[in-house]
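Below is one structure; the comments refer to it alone.
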Amino acid sequence: MRIITKISFLLSLCIYVSCSDEFVNIEPQYSIDSENYFNVPEDYNQAVIAAYDLLQTTYLNAMLGEIASDNSLCGGESASDVPGFQQIDDMIHTPNNDNLQDLWDWMFSGVQRATYVIEFKDKIDFTGKDKLIAEAYFLRAYYNFELVKWFGPIPIKPNARFEVGDETSIPRSPVEEVYSYIEEDLLLSLESLPLDVLEKGRVSSGAAKSLLGKVYLYQNKFEFAANVLDEVIDSNVYGLEPNYGMIFENDGENGMGSVFEVQYTDLEGAGFDCFQCSEGNIAVGFNGIRQYNGPLFDSGFSFNVLTQSLVDAFEIGDIRKEVAVLDIEDWASKTGATYGTGYEHTGYFNRKYIARKGDSNIGDQNLTNPNNYRAIRYADVLLMAAEAHARKSSPDNLKSNSYLNMVRSRAFSDNISQISLSGEALVDAIFNERRVEFAGEGHRFFDLVRTGKAQDFIDGFVINKHEIFPVPLQEIQFSNGNWNQNQGY
Amino acid sequence: MKFIIQLLIFCSLGLCYSQANNFKGTIKDKSSNLPIPGANIVIVESNTGYITDFDGNFSFESSEKTVRVEISSIGYKTMTATINSSDSIVILLEESIEALDEVVVTGYGSQLKRDLTGSVSVLGSKQIDKIRPIKLEQALQGTVAGVNVSTQSGAPGAGINIRIRGISTNGDASPVAIIDGYQGDLSLLNPSDIESITVLKDAQAAIYGTIGANGVLLITTKQGRKDSPTKFTWESSLGVQTTSRKLPLLNAKEYGILLNESYTNDGRFPVISNVSELGEGYEWQDEVFKNAAIERHALTLSGGSISTKFSIGASSLKQQGIVGLDKSSFDRKTLRSNVGFDLSDKLKLNTSVIYTNIRRNSINDFGLGSVLFNAINMPPIYNAYDENNDFTLAPSNLGIEIINPLAQVSNTFNDYRLDKINGTIGLEYSPLEGLTFNSRIGFNAANSKSRNFSKLINYGGKVFDVTRSSVNQNRINNNDYSIDNFINYKFAINEQKVAVTIGSTLFKNYGDALFATGFDVPNNSWENADISLANGTSTEKTSGAYSYDQRRLSYFARFQYDFKNKIFFSGLMRRDASTKFGPQNRIGVFPSVTGGYILSEEQYFKKIDWINFLKIRASYGLLGSDKIGDFLYLSQLTGEGVYVFDNQLSFGRAIGVVPNSAVKWEASEQLDLGLDATFFNNNINVTFDYFQKTTNDLLIQNIPVSGILGVRAPGSGSPTVNAGEIFNEGYELMIKYSTSFGENFYLTSSINATTLNNRVTKVNNSVGFVEGGSFGVGQQAPSRMEVGFPIGYFYGYETDGIFQNRSEVISHPSQVALGAPAAPGDFRYKDLNEDGVIDDKDRTYIGDPIPDFTFGYNLNLNYKNIDFSLNAFASVGQEIVRNYERVQLNANKLDYYIERWRGEGTSNSVPRMTTRSTSNNVFSDFFVEDGSFLRLQTIQLGYSLPQSILGKIQLDQFRLFVTAENILTLTRYKGYDPSASSGAPIGSGIDNGFYPIPKTITAGVNIKF
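If you read the sequences in order, they're chains A and B. Note that numbering that gives the first Met the number 0 has the first sequence beginning at 0, numbered continuously upward. Note that numbering that gives the first Met the number 0 has the second sequence beginning at 0, numbered continuously upward.
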C-alpha cells in the first residue's frame, strides 16, 4: 500500500509540474494558412499573381487624375451620379468620399499582397525566385507611389504586412521617407528583373527604371531621373509606335511603345457589387458614350468628358487630336450614329479609353471592357527624360530637345513642328507637350501639381490644400488620434 | 460510529447486565417503504446512539420499558418518538425536502447545502425518475428555476438546447457539462445512471473559468454506497407515441372553393369542377402520423462492503418516430460500471466507465422539403396511393418542391451509429486530517459512422429527383481527456473554518473525420448502398476530411471561510490558456467572490419559530465562454487573385478574410443576490434570486477595420472581432411545500418561476446590427441582433388591417416597393417613418422569441401504496414565426383562410385569394404568433404491492405504473409545437415545420430486490 501511495503521489506531482503553457501553443494539422504557405515555387508565383490583381483597380486613379484636372469634367447621368467624382471635379471634395476611400483601400490591398510575398522571400530557394520577388517589390513601389501622390504621408511597413492595431500605432511617414522607401523597393527590384518579359503583362527592368525615373522626377531629383531614364532609352528595347492611332486599339496592346501596361480582359463577368473583382477596365465603360448606337464604339456612362480647353490645346496638324478626342456631333453626322447626352455634356469623349465594339460584352458589359491601361508609354519616358535634362542644375538642352522632337515628329507629319529651345521656354514646351500627348491618360492633375501650376489651370484649386487628397474619414477614426487629416480638410 | 457499533455488538453478546427490555425494529422510508440502512436512533435521556444495519434493523436494550428516541438520517426529517419495548417496531421517516445537511457537489469539491453562497440548484435521482426523461436534458425542464430547455425537433434522438439565465451570446450559449469531474456530453447519458445534477448558475461557476459563462451542469453518476447490501433495481416499460397535434387544414371542399376563388377573383375561370361533391378529401396528416412504440429497460446493481462501493447499470431504449416509424428511430444501449475502492485508510481509488451505443435513422424533418411540410401542403384532393397501390406523383402545378410525403419516407435510407466510451479514474489521498490530494483523468472516446443513400428516383420533375444514385458515407472520431490535479485543505481555528483548494486541469479535445461519396449503386437498392460496391465516379471532388486539436490549460485557487457556521465568504480565481485564443490574448483570468449570511443563526431569528432557516447570499464574478471557432486568428488563403497574362486569365492565391490575432473568449460579468429560507418546520422552502449578466466581447463578423489591412481586396473581408455585448437580468423564485396528513397521505409540491429581460447593448460593426434567420424564399432576413432589442428579435412590417375598397388603397402611401401594387383585400402596411411610401425602411420590432416568464410546477402525492406525480411547464411571452406555409397557388392551406377577405367588410385580418403576386407575403406581424404555452409534461400514477406480499416474494419493491407524457398543451399557436426552437441565437423561433413532440402513454414496472 505505501508504495502505491508514494508512486501515485509522485505521479500526480509529475503531471502537475510538467504542464506549461507550451501545451496550448500548437499548429493546426493539414491546413494551409497564410503563415505556412510558400513551400514550393508555384506558391510564390500564385501569390505574385494575386499582387498584380490590384493593378486592375487603378482604372479609378486614371479616371480621377483627369477629372480632377482641367482636362475633363465629371459628367455622368446627373449632378448626383457618383457624388465622389462630382465633388473632386469641382474641388469641393471632403474626407467623406466613397471613391477616395476605394482608392485608399485598393492601393493598400495591393501593398499588403506584395508585402506578403516579400515577407517570405527567404523561406525557400529556387531558380526564378529572385525574379518573382523583384516583381513584388515593383508592385509594392507602384502602389505606394499612387498612395503618396494621392494622399501625401502614408504609413509604411517594409518588412511585414500591416496588422490589426497598426493603424493606431504606425504613424504616417513624411513624404520624403515614403519616396525613399519607394526608391529602395525599385532598386531592389532592378537587381533581378529581366530586360524582356516572358509573359505579356509581367514587369520588365525597363518598367522599373521608368517608374524610378518618374519617382525621381516627382521629387525634382532631376539628375537621378535623367540618368535612369537615359538607361531605358539607350537600352533600345522600346520604340515609338509610328501609327499613333494603333496604340490604343485592341490590336495595339503591349506594342513596341508599351513599357508597362495594366492588363484587362473580357473573359470573365463582373458585377456592381465588387468592382475590385472585375477583370475588365471599368473606366472604359464609365467613359463611354451615353446610349450610343452606331459603328465602332459601344455605350457607356458618359463620365470623364473632355473640356474645350483640352481640345483647343492641340496645335494644328497634330494627329494626336483625332486619336484623343472623339467629337461626337461630328462623328454622328458622318456615320449616322445616335447618342444621348448626359450631365455636363461637352460633345467630346476620351476616345482612347471608351468602349469599342468587338469584345465579348459578357455581363455586366459596362464593367468588362478589355482595353488595357497603358500605364507607362515610351513617349512618357522620352518626355520625362527631356524634362529632367532641361531642369537639372546643368541642363543638357541637346538631349532634352532631341527627346522632345522624337515625340513631336510622330505627332506632326512635317518637320516644322521641331523645337529648339532652352531654359524656361523649353520646360514650358515640354509641359504643354505632355498635356496633348497624354490627354485622357490620368497624368494631367499630377503634372499640374508637381510643377506648381495647378491653381492657374484648375478652378477652385486652393494652394496648400488640394495638392493632395483627404485621408478617408473612417481611417482617421480608426487611427484613434494616431493620424491627422491633411491640411485644409 | 465505530464505537457505537462496538457497543451494539457488546450488548448483543450479552455483556451488558441490566434489566433488559428489548427494542427491536426497522426504520423505513415513508413513501417507498424501503428500509433505511445507516439511520441514527438516539435515546434522548442517556444520549446513547445506535445505527441501523444493512436491512434497516436496529436492536437495543434498555432498563426502561418506554423510551424517547430521536431518529435521523441524511435526507430525512429528524423525528422524535416515544416507543415501547417490542420486537417489531417499525418507524417511518419522511423525506426532507430541504436537506440542509445534504452534501452538494460543487466544482472540484463539495459543500453542505446550507453553506452554499452561490446560486446552485440540485436535482436528485428521485426527481429525475419522476420525469422519466428519454434524454437527460429533459429532466431540467420545469424543475430548476432559471433553466430553459427546448427541443430542436420532436424526432427521436433530436438535439435539445439548454439555456441558463437567458441567452448570453450570439454564438453557442449552451452550458458545459461536467460528468464525475470531467468535461463530457450529457445528451448521450442514460438518465437512470444519474445520481444528481447540480446546476451552477452564477459566479459559483467561476472556478471553471472560461467554460463557465453559460452556467455549468455538474453530473454525478450513481456510485453505490459502502457498507450496504447489494440491491438490484429493474425497470421495464412499453409505451405508445402519437402526435401531440395535427394542424387544422382545409378539407377538399374548402380547398376547392378557395382555389376557385383565387381564379375568379382575377376574372379567370375556376379550375376545380363539381366542388359541391367534394367532401372531406384525403387526410395526408393522418397517413403520415403513425402510432409509434417506445420500449425501455434499465437495470442497476449497487452495493458496497467495508472498503468498496459499486454501482453497475445497463439500459436499453428503442424509440420509433411518429413520422416514419423505423425510418425515424433512435436506439440507445448503455453499460456502466462505477467502482470505488479504499486502498488504505488514507487512499481511495474511484473508477467509472460508461459504454454507449446509439443507432439512429432520420428523415427530412425540418423546413422546406421535409415530410411534414409535404403532408401539410399536399392538397386533399389527391390520394397517396393509386389503383395499383403505388405511390402517386405530386402534380407539377404544385411547384418543384412538394412531393408525396409517404413516397418520401419510403425512399429515405440512412443509418447512423455511434460507439462511445467515457469514464474516469481518480485517486484521493488524505495523509492528514483535512488534507486531500486529488488526481484524476477523465476521457471520452467516440467513433461514429454514417451512411446516406440517395436512391435514383423520379418524383415528376421535382427538385428531389435523383438522376444518379449515390451513397455518402463518413467516419468521425472524437476524443478528449481531462487531467485534474488539486489539493483540498480544510482546517478550523476556534469558531472559524477555512477550506482552501488549489489545482490545475489540462484538457485536450481532438479528432478527425473522413467523408466520401460513391455513385451508381447496384440495383439502386439500400442493401447494396456502400462505397465498396458503388463504382461510379464524378468529375467533382467527392471526398473530404478534417481534423482538429484544441487544448486548454487551467490553474485555479479557491478560498472559503466560515465564521461560526453563519457567515460565509469565498474567493475564487482561475487562469485559462487555450488554443482557441489568439496569440495576443492566450491567457484569461477569471476572479469571483461570493458571500452568505445565515440570519436564522442569530438570536433574534431563533425566537421566531416559524422560520427554520434564512440565508442571504451574494456573488459576483467574471467568467468566460470559449465556444468560439477554432483558429480564428489564422488567415486562410481563400481570397481571389486573378490577373491577365498573355491575354489569358491567370489564377493566383491570396489571403481571405483578415484574421484577428487578438481574438479571445466571450466574457461574462455576473451578479447574483439571493435568499434561501425554510419555514414551518421545514415544510415550506423558498429560494429567491435576482441575477444580472453582462456578456461582452461577443464575436461579431465583418467588423470594419482600416483599409491598410487589405480587407477590400477581392475575396477578402473584414475580421471577426470580439465586439458585441448582451445584457440579461431577471428574477427566479422557487417555492417547495411538503406536508403529510396522518400516516398514509404525503404530498410535496413545488413551483418555480423565472422572469427574463434580454437586451443587446453593443454591436460594433459598421451597421450596428447582425441579421440572421430566413423567412420565405428570397426575402430579407427576419431576425436581428441590434442594440436596444432582445437578441434575435423579429424585424418586419406592421399591418394595419385590410384595404376594404379602392379609395382606401388610393389614400394610403404606395406599397409597390414591397412587390406589387395594393388592391382591395390586401394588407395595409403602416408607414412608420411617415415618408409617404411603404418600403423596407418601414420595418420595426414585431416580436421576439425570448420568453418573458417561464414556470415549472411539480407535484408528488403518496397515499398508502399509490403514488401520483405531475410535472408541468409554461413559457409565456415569446413569439414564433409561422414559416411552414408554402406560398404556392395550389398548395393546401391552414383553415384560418376560411376567414379570408371576400368583399368589403368581410375580413380585416386575412387577405384575399388570388393567382397573381401580391405584397401580402412579405414578413410582417401577420406571420408572427404568440408562442406562449402551458404543457403537462409528465403525469404518472403508480401502485406498489404492499409490504405483506413483498415479504413473501422476497422483493423490496414491486411497482406498476402508467405515465402520460405531453398529453396536454394549451397554446394559441397554430403550428405543431410551440416549444421547438432551432436554438440559434439569431434566427430561432422560426417554425419551418417542426416535427412535433409526441404524446406518449407508457406502462411499466419497477422491481427492487
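The beta carbon of each residue, even a glycine, is placed where N, CA and C say it ideally should be. Predicted model, so just to flag it, every value in this text is computed and none were measured.
- In this structure, DSSP gives P193/A a state outside helix and strand, which the three-state scheme calls coil.
- Interface residue (Cβ-Cβ distance to chain A less than 9 Å): Y547/B is classified as such.
- Contact check between the stretch 235 to 251 of chain B and the stretch 213 to 220 of chain B: fewer than three CB pairs, one atom from each, fall below 8 Å, which does not count as touching.
- Taking 9 Å as the threshold, the shortest C-beta distance from T57/A to chain B does not fall below it.
- Rounded to the nearest whole angstrom, the CA to CA distance from P94/A to G205/A is 37 Å.
- Q110/B carries a strand assignment under DSSP once its states are collapsed to helix, strand and coil.
- Minimum Cα-Cα distance from N889/B among the listed residues L397/B, L346/B, S351/B corresponds to L397/B.
- Sequence-distant partners of E785/B (beyond 5 residues in either direction) whose C-beta falls short of 7 Å from its own C-beta, in its chain, are V759, V762, G767, F768.
- A distance below 6 Å between beta-carbons, with the five flanking residues on each side excluded, links S71/B to the following residues of its chain, in chain order: N39, T77.
- In this structure, the straight-line span from the alpha carbon of F348/A to that of V324/A is close to 6 Å.
- Between the C-alpha atoms of G312/B and V103/B there is a straight-line separation of about 23 Å.
- Taking a Cβ-Cβ threshold of 7 Å, the residues of chain A close to E639/B are C276, in chain order.
- Under the rule that a run must span 3 or more residues, the beta strand (DSSP E) segments found entirely inside the stretch 50 to 74 of chain A read 71 to 74.
- By DSSP's assignment, L552/B forms a beta bridge with L505/B, A576/B.
- Proximity of chain A to V704/B at the Cβ level (cut-off 9 Å) is accounted for by V163, E166, F477, in chain order.
- The Cβ atoms of G800/B and G772/B lie no closer than 9 Å to each other.
- Taking a Cβ-Cβ cut-off of 8 Å, the neighbours of D645/B in chain A comprise E198, K199, G200, given in sequence order.
- The beta carbon of T25/B is closer than 6 Å to those of P34, G55, N56, V89 in its chain, skipping five residues each way along the sequence.
- Exclusion of the five residues before and after N701/B leaves S717, N764 as the residues of its chain whose Cβ lies within less than 6 Å of its Cβ.
- The shortest C-alpha to C-alpha distance from G244/A to any of C273/A, E436/A, D32/A is the one to E436/A.
- The way I'd put it, the stretch 967 to 975 of chain B does touch the stretch 984 to 1002 of chain B; three or more beta-carbon pairs between them come closer than 8 Å.
- Out of Q86/A, I117/A, T306/A, the CA that lies nearest to the CA of K156/A is found in I117/A.
- If only complete runs of 3 or more residues are kept, the stretch 661 to 746 of chain B shows the beta strand (DSSP E) at 665 to 678, 683 to 699, 720 to 740, in order along the chain.
- Proximity of the stretch 285 to 297 of chain B to the stretch 305 to 323 of chain B meets the contact definition, three or more beta-carbon pairs being nearer than 8 Å.
- With fewer than 16 neighbouring CB atoms inside 10 Å of its own CB, A1002/B falls in the exposed class.
- Closer than 9 Å to the CB of T536/B there is not a single CB belonging to chain A.
- Less than 9 Å separates the beta-carbon of G655/B from that of G714/B.
- DSSP places R407/A in the uninterrupted alpha helix (DSSP H) bounded by 396 to 410.
- In the structure shown, I429/A falls within a helical segment according to DSSP collapsed to helix, strand and coil.
- Using a Cβ distance threshold of 9 Å, S108/A and V588/B do not count as a contacting pair.
- Exclusion of the five residues before and after G723/B leaves L697, I699, K761, V762 as the residues of its chain whose Cβ lies within less than 6 Å of its Cβ.
- Proximity of G623/B to chain A, defined by a Cβ-Cβ separation below 9 Å, is not satisfied.
- From the beta-carbon of V23/A, the residues of chain B found nearer than 8 Å are R550, R551, L552, A576, S577, T578, R585.
- Chain order gives the chain B residues near C273/A as P713, where near means a beta carbon separation below 7 Å.
- Check the Cα spacing between P294/A and each of N280/A, G357/A, I318/A, Q275/A: the tightest is with G357/A.
- Taking 9 Å as the cut-off, the Cβ atoms of K199/A and N280/A do not count as close.
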